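Read through the structure below, which is laid out as structure tokens, and then see the notes.
4 protein chains.
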Amino acid sequence: MPRIAYLGPSGTFTEMALDRLVAAGGFAGAVDRVGAASQPAALELVRREEAAGAVVPIESSVEGSVAATLDSLAQGRRLQIVGEVELPISFTVVARPGLARADVRTVAGYPVATAQVRHWLARELPDAESVLAASNAAAAELVAAGAADAGVSTALAGARLGLAVLADGVADVAAAVTRFVHVTLPTAAPPRTGTDRTSLVLLALPNEPGSLMRAFAEFATRGIDLTRIESRPTQTGLGSYRFHIDCVGHIDDPAIAEALKALHRLADVRYLGSWPATSSAGRPPPADDEAAGWLAGVRKGVEG
Amino acid sequence: MPRIAYLGPSGTFTEMALDRLVAAGGFAGAVDRVGAASQPAALELVRREEAAGAVVPIESSVEGSVAATLDSLAQGRRLQIVGEVELPISFTVVARPGLARADVRTVAGYPVATAQVRHWLARELPDAESVLAASNAAAAELVAAGAADAGVSTALAGARLGLAVLADGVADVAAAVTRFVHVTLPTAAPPRTGTDRTSLVLLALPNEPGSLMRAFAEFATRGIDLTRIESRPTQTGLGSYRFHIDCVGHIDDPAIAEALKALHRLADVRYLGSWPATSSAGRPPPADDEAAGWLAGVRKGVEG
Amino acid sequence: MPRIAYLGPSGTFTEMALDRLVAAGGFAGAVDRVGAASQPAALELVRREEAAGAVVPIESSVEGSVAATLDSLAQGRRLQIVGEVELPISFTVVARPGLARADVRTVAGYPVATAQVRHWLARELPDAESVLAASNAAAAELVAAGAADAGVSTALAGARLGLAVLADGVADVAAAVTRFVHVTLPTAAPPRTGTDRTSLVLLALPNEPGSLMRAFAEFATRGIDLTRIESRPTQTGLGSYRFHIDCVGHIDDPAIAEALKALHRLADVRYLGSWPATSSAGRPPPADDEAAGWLAGVRKGVEG
Amino acid sequence: MPRIAYLGPSGTFTEMALDRLVAAGGFAGAVDRVGAASQPAALELVRREEAAGAVVPIESSVEGSVAATLDSLAQGRRLQIVGEVELPISFTVVARPGLARADVRTVAGYPVATAQVRHWLARELPDAESVLAASNAAAAELVAAGAADAGVSTALAGARLGLAVLADGVADVAAAVTRFVHVTLPTAAPPRTGTDRTSLVLLALPNEPGSLMRAFAEFATRGIDLTRIESRPTQTGLGSYRFHIDCVGHIDDPAIAEALKALHRLADVRYLGSWPATSSAGRPPPADDEAAGWLAGVRKGVEG
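Here the protein sequences line up with chains A, B, C and D, keeping their order. Our numbering puts the first residue of the first sequence at 2, with every later residue one more than the last. Our numbering puts the first residue of the second sequence at 2, with every later residue one more than the last. Our numbering puts the first residue of the third sequence at 2, with every later residue one more than the last. Our numbering puts the first residue of the fourth sequence at 2, with every later residue one more than the last.
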């Protein structure tokens, strides 16, 4: 039974994402779960080979990229993304069993979560005071321990601790979604499906004007759609960045393979993997078959 | 005396940045300070004309862009950046007066700050337990209120509350710097200095392949250096972004003016201002004088 | 009455083009015609101010660019194109009066003309022998002088010499057209009409890979359509070229003006003029009015 | 003994180029020469399989591209260039034996040749009258037949007809060079040498703005040097062109192969061959070996 690290503690959205991946057959059976204190901590367990894989959030439709995940993937031993799952994000407001909504005086919440239900709290619990929690799961733990009357948490965390549900599906922004990725040591990519995502990091570009544009042009001229560009500081001072790039396609698409080679010639590039995209990833790169056949023909000297 | 909003409470790094701007003559005299609970809250005070300006952090050399600031600048009534200041970021660990370092059992800290001094805490206060604070200033307040023995805070906050200094200049990453910007209602940009920064947001691009590349090309072909590209979710689902772009130069540089016009024709673009850059901003765009003179000549029909 | 040089002798297609320009009011009245022995000779008369203008062929839909015209425009004192006319090219086969087609034994022709009626000659005069002539007009003169039975010439030349017409409108390629241009010393361009053509020469590009591409990109990013690219040798060895470029638009179109300035910064560029196009010249460059208004607004600090 | 067609008649520069190719071993032995009346006629003999190959001029450092050769290569059954030779072009002025220079009253010459020695004739034979000849070899034949006193011709033609040499190495432009190519039916290209030339024709581009630029970009982004761009009319009206493109490299260079495939996807492209360049052809495209190895590694899942 493979050990899989995830951003814990038990009951986080990340654990729910791990459940989905298990249900979808992503691990060929049951797994042994290891909660980690942070995204970098989860990924370090893989690097040290104390876990066979890790599940971490990488992007939220509300908050944007998860910086800690990107920064950890860009540094240290290379890791590879082999799968993804997207989870609609809505919170469950849990409370001590038997407590009426009118009696709630304090609400525990992880700041990121509290921010996403600000309007709901203002409308439904306008007089409750805010109590800081260290994670979504910790918010439920604070309720169970009596340190808060209610908590902005997950259904999973509330259920495990036997708490009551004050409200379910709570989210200021409807249709909030977070993407989680399954990360392993470097490996052959899962087979091309036709709706794939490829991710890479431009660790360092030549220090000359226009080098970032030239990198982007390697995608554009090959008809490859970029779906995400994220600059992250290299922490050597303001104005020095790494660029995380996601594009549509698979390393076994000739256009993607050619673009990767061209980027490798141009810059210090780290390949983060190709894997099936769960949501529509855009227009796949042009297929090569007809053009390759034509090239083989003229190489041999056929007519036409 | 103009009212200037800042990311409070009193004693934050942002207030220290405001002090610097005042000292540098950025407000032509003293100001009336208004602490706001968040970056969006500070900017809203300007939009509602309850403050003449706001000072907010926009980018950290360690954490990257400040998402709340970018998202607020991109939405609602247009605002304009008219100045900046860069502040070296290091923390002051404050404690109740008279308490020896060996007796510290609990350390309050804002999570972002705690993350930046993690190595120092592990080495110097390995046995102290973490207490969550809502801001750097709040960490000092928790110490003053007796809720924590020590706090990761700022020099300004500790001094105001009469706390002792356990350690000064604490930062895991040396040379951490944060840039803060001075924001007002739309106005004429401060005069061109030759080392300027221009910022804009691509709110929406035409929904066709390559439109982002075409936007970037408007800068590249005019010899304009891009210094930052940041994608932020539009919150309408995964994969839909706004792009924040900083470049070297001023709206009164002809190359910048031409690029802005071209982007306006191509996309829904929001201009966020041109202002003097405090740190080296890169290579300024090519001057226009000689070429403009040549063009005027051939237009009139001169020889050569 | 202005002296206008043209590619002579009397009776050439170029003189017919000159007639058209006169009829269209291109010279504000009658002109004094000066036949010149070649395109460069006609242009030299303008350079030496012995003629006020010249009319020369610049491009044929069958033969392509007229190299002698391009090479002369690229060298020496700068000249400027101020107008154009397009002439359908078909030949008139003239003969001595009274001679039957069956009795034609020799046909005089300028090689370029003979090449354009090769199929007609093979079908209609299969047994006639070819006699070289120095121009289309000279072919008629050879007939008038008795040196050939028939000649491939122009209607104008045949009529002036009192020759019979064996066949009119003779051309292997239907719809052959030649463009002729009116050239003067440098002057202000005729006013913008909305369907204009601008012509320039890249005399020398920086000796580095990609400099030609960068020149082309100055047009592409500004939405300017290129309608012709012609490389001509600089005569300093194989592989060294000048590039003649025609594009859609007028020097008073902001996009064209910007592109010209950008090219001047990049390369040694010679402006050859902007003038009304007689045939559809393609898609004009984007107008600037709305974008310029937007820019002026944000410069002053308007909302929105 | 293979039959090789060339632009005749006997004694032309093209036959001299054929001699060079034979001497260099280009035909693996002696050849049976067939003079053809024109470049298209020579190439048609290959298309009809009445000749195994053809030698035709393709570009002159003085006159530019040879339009008849380009137009014929672009149309009809596909042919392939398999070799080239470059010949310094200077003329031999031949005369009837025994005739003194002062007694020369008439000079025969092919117009292209006469144009290249115009200054010499004005200086050395200022009073001689011009007589038209149909080719350089024909100029010597006119002298041998008594129809002209002297002729602008080639050393080879004069020697075969037993004429005297009035002057050798005559050329207004020093260092004039013409490139001749060896053309066959489609075949595998000669092996890559590292200094190769590849030639192709863009027969038709998609009828949308910027499609020519996109075609050029396929070379630029792959680091391929273009050495020649020639637009030729398609003869369907002014403004419609084919583009002949020469670039540095061989179809077996991965960058060239990729660019060819990309152009095939974009446009109607005809491959004209890859062959060893006799003169320096520019900077070869980047080699692929290291990048291909890196790609193979990450595909399998290696570290790093």
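Every residue gets a Cβ at the ideal spot worked out from N, C-alpha and C, and that includes glycine. Quick caveat: nothing in here was measured; it's all calculated off a predicted structure.
**Message:** Going by DSSP, what residue range makes up the beta strand (DSSP E) through THR179(A)?
**Reply:** Position 178 of the first sequence, counted from the first residue, corresponds to residue 179(A). Start and end: 178-185.
**Prompt:** When the Cα atoms are used, what is the spatial distance from SER131(C) to MET17(D)?
**Reply:** By one-based count along the third sequence, residue 131(C) stands at place 130. By one-based count along the fourth sequence, residue 17(D) stands at place 16. Whole-angstrom Cα-Cα distance: 27 Å.
**Asked** Mind checking if ALA68(B) is an interface residue toward chain A, Cβ cutoff 9 Å exclusive?
**Response** Here residue 68(B) refers to the residue found at position 67 of the second sequence. At least one chain A Cβ lies under 9 Å of ALA68(B).
**Message:** Do LEU164(C) and SER11(C) count as a contact pair if the criterion is CB distance below 9 Å?
**Reply:** Translated into the one-based positions of the third sequence, residue 11(C) becomes position 10. Translated into the one-based positions of the third sequence, residue 164(C) becomes position 163. No, they are not a contact pair.
**Cα-Cα separation between ARG97(B) and ALA129(B), rounded to whole angstroms** = By one-based count along the second sequence, residue 97(B) stands at place 96. By one-based count along the second sequence, residue 129(B) stands at place 128. ARG97(B) and ALA129(B): Cα-Cα distance of roughly 15 Å.
**Item:** Residue range of the beta strand (DSSP E) that includes SER39(D)
**Value:** Taking the first residue of the fourth sequence as position 1, residue 39(D) is located at position 38. Here SER39(D) belongs to no beta strand (DSSP E), and DSSP marks it neither H nor E.
**Request:** Under 7 Å Cβ to Cβ from ALA69(C), same chain only, skipping five residues before and after it: list those, please.
**Result:** Numbered from 1 along the third sequence, position 68 holds the residue referred to as residue 69(C). Closer than 7 Å at Cβ, skipping near neighbours: SER39, GLN40 and PRO41.
**Request:** Give a yes or no on whether the C-beta atoms belonging to GLU219(A) and ALA263(A) are separated by under 9 Å.
**Result:** On the first sequence, residue 219(A) is found 218 positions in, with the first residue counted as 1. On the first sequence, residue 263(A) is found 262 positions in, with the first residue counted as 1. For GLU219(A) and ALA263(A), yes; Cβs fall inside 9 Å.
**Asked** What residues in the segment 204-235 of chain A bring their beta carbon closer than 9 Å to a beta carbon of chain D?
**Response** ARG215, ALA218, GLU219, ALA221, THR222, ARG223 and GLY224
**Asked** Would you call the CB atoms of TRP295(B) and HIS265(C) closer than 9 Å?
**Response** If you number the second sequence from 1, residue 295(B) lands on position 294. If you number the third sequence from 1, residue 265(C) lands on position 264. It is a contact, given that the beta carbons lie within the stated cut-off.
**Prompt:** From the beta carbon of GLY302(C), is the nearest beta carbon of chain B less than 9 Å away?
**Reply:** If you number the third sequence from 1, residue 302(C) lands on position 301. Chain B, which has a Cβ nearer than 9 Å to the Cβ of GLY302(C), makes this yes.
**Request:** Anything in chain B within Cβ reach of GLU142(A), meaning under 9 Å, just list it in chain order.
**Result:** Position 141 of the first sequence, counting from 1, holds the residue named residue 142(A). Going along chain B, no residue has its Cβ under 9 Å from GLU142(A), so there is no contact; the nearest lies around 13 Å.
**Prompt:** Got a sec: which bits of the segment 163-196 of chain A sit with their beta carbon under 9 Å from any beta carbon on chain B, in order along the chain?
**Reply:** VAL174, ALA176, ALA177, VAL178, THR179 and ARG180
**Request:** Name, please, each residue of chain C whose Cβ falls closer than 9 Å to the Cβ of GLN81(B).
**Result:** Within the second sequence, numbered from 1, the residue matching residue 81(B) stands at position 80. Going along chain C in sequence order, the residues near GLN81(B) (Cβ under 9 Å) are VAL299 and GLY302.
**Prompt:** Going by alpha carbons, who is nearest to SER241(C) out of ARG271(C), VAL270(C), LEU204(C) and ASP247(C)?
**Reply:** By 1-based counting over the third sequence, the position of residue 241(C) is 240. The shortest C-alpha separation from SER241(C) is found at LEU204(C).
**Message:** Spatial neighbours of ALA31(D) within its chain, please: C-beta separation below 6 Å, excluding the five flanking residues on both sides.
**Reply:** By 1-based counting over the fourth sequence, the position of residue 31(D) is 30. Counting only Cβ-Cβ distances below 6 Å, and skipping sequence neighbours, we find MET2.
**Item:** Where the alpha helix (DSSP H) containing VAL144(D) begins and where it ends
**Value:** Indexing the fourth sequence from 1 puts residue 144(D) at position 143. Residues 137-145.
**Asked** What residues match up with TRP295(A) in a beta bridge as DSSP calls it?
**Response** Position 294 of the first sequence, counted from the first residue, corresponds to residue 295(A). DSSP output for TRP295(A) lists no bridge partner at all.
**Prompt:** Under 8 Å from any heavy atom of the ligand MN, does the C-beta of ARG180(A) make it?
**Reply:** Among the components of this structure there are no ligands whatsoever, and the ligand MN is therefore not found.
**Message:** Buried or exposed, going by whether 16 or more other CB atoms sit within 10 Å of the CB of HIS120(A)?
**Reply:** Here residue 120(A) refers to the residue found at position 119 of the first sequence. With fewer than 16 Cβ atoms within 10 Å of its Cβ, HIS120(A) is classed as exposed.
**Prompt:** When the Cα of PRO287(B) is compared with those of ALA140(B), THR15(B), ARG223(B) and ARG124(B), which residue comes out closest?
**Reply:** By 1-based counting over the second sequence, the position of residue 287(B) is 286. The option with the nearest alpha carbon to PRO287(B) is ARG223(B).
**Asked** Should ALA114(C) go down as buried or exposed, given a rule of 16 or more other Cβ atoms within 10 Å for buried?
**Response** To locate residue 114(C), count along the third sequence from 1; it is residue 113. It is buried - the Cβ of ALA114(C) has at least 16 other Cβ atoms within 10 Å.
**Request:** At 7 Å on the CB atoms, spell out the chain D contacts of LEU133(C), in chain order.
**Result:** Translated into the one-based positions of the third sequence, residue 133(C) becomes position 132. Simply LEU133 and ALA135.
**Request:** Answer yes or no: does any C-beta atom of chain D fall closer than 9 Å to that of LEU239(C)?
**Result:** Indexing the third sequence from 1 puts residue 239(C) at position 238. Between LEU239(C) and chain D, the shortest Cβ-Cβ separation is below 9 Å.
**Message:** Using C-beta distances below 6 Å, list every residue in its chain close to ALA135(D), excluding the 5 sequence neighbours before and after it, in chain order.
**Reply:** Walking along the fourth sequence from the start, residue 135(D) turns up at place 134. Closer than 6 Å at the Cβ level, and outside the excluded window around ALA135(D), lies no residue.
**Prompt:** Using the C-alpha atoms, what's the distance from ALA268(B) back to ARG215(B)?
**Reply:** Locating residue 215(B) in the second sequence gives position 214, counting from the first residue. Locating residue 268(B) in the second sequence gives position 267, counting from the first residue. Straight-line Cα distance between these residues: approximately 10 Å.
**Asked** Is GLU45(D) close to chain A, meaning its C-beta is less than 9 Å from at least one C-beta of that chain?
**Response** Position 44 of the fourth sequence, counted from the start, is the residue given in the question as residue 45(D). Output row for GLU45(D): interface = no.
**Message:** Going by DSSP, what residue range makes up the beta strand (DSSP E) through GLU231(B)?
**Reply:** Numbered from its first residue, the second sequence carries residue 231(B) at position 230. 227-234 is the span of the beta strand (DSSP E), which, as asked, contains GLU231(B).
**Message:** Using C-beta distances below 8 Å, list every residue in its chain close to PRO191(D), excluding the 5 sequence neighbours before and after it, in chain order.
**Reply:** Position 190 of the fourth sequence, counting from 1, holds the residue named residue 191(D). Taken in chain order, the residues that qualify are VAL83, GLY84, SER275, TRP276 and PRO277.
**Length of the line joining the Cα atoms of LEU186(A) and PHE28(A)** = Within the first sequence, residue 186(A) is the residue found at index 185, counting from 1. Within the first sequence, residue 28(A) is the residue found at index 27, counting from 1. The straight-line gap separating the alpha-carbon atoms of LEU186(A) and PHE28(A) is approximately 14 Å.
**Request:** Quick one: which residues of the segment 271-284 of chain B get their C-beta closer than 7 Å to a C-beta of chain A? List them in chain order.
**Result:** SER280 and ARG284
**Prompt:** Of all the beta strand (DSSP E) runs that stay within the bounds of the segment 233-264 of chain D, which reach a length of 3 or more residues?
**Reply:** Runs found: 242-249.
**Item:** Other residues of its chain near GLU23(C): CB distance less than 8 Å, five sequence neighbours each side excluded
**Value:** Taking the first residue of the third sequence as position 1, residue 23(C) is located at position 22. It is Val, not Glu, that sits at residue 23(C) in the sequence shown. Here the set comprises ALA31 and VAL32.
**Request:** Could you name the residues of the same chain whose beta carbon sits closer than 6 Å to that of SER62(D), not counting the 5 residues immediately before and after it, in chain order?
**Result:** Here residue 62(D) refers to the residue found at position 61 of the fourth sequence. Counting only Cβ-Cβ distances below 6 Å, and skipping sequence neighbours, we find ALA177 and VAL178.
**Asked** If the cut is a Cβ gap below 8 Å, which residues of chain C does HIS120(B) touch?
**Response** Reading the second sequence from its first residue, position 119 is the one you call residue 120(B). Here the premise fails: no neighbours, minimum Cβ distance about 45 Å.
**Prompt:** What number of angstroms, rounded off, separates the C-alpha of LEU167(A) from the C-alpha of ALA116(A)?
**Reply:** What you label residue 167(A) is simply residue 166 of the first sequence in a count that begins at 1. What you label residue 116(A) is simply residue 115 of the first sequence in a count that begins at 1. Distance between the alpha carbons of LEU167(A) and ALA116(A) is about 18 Å.
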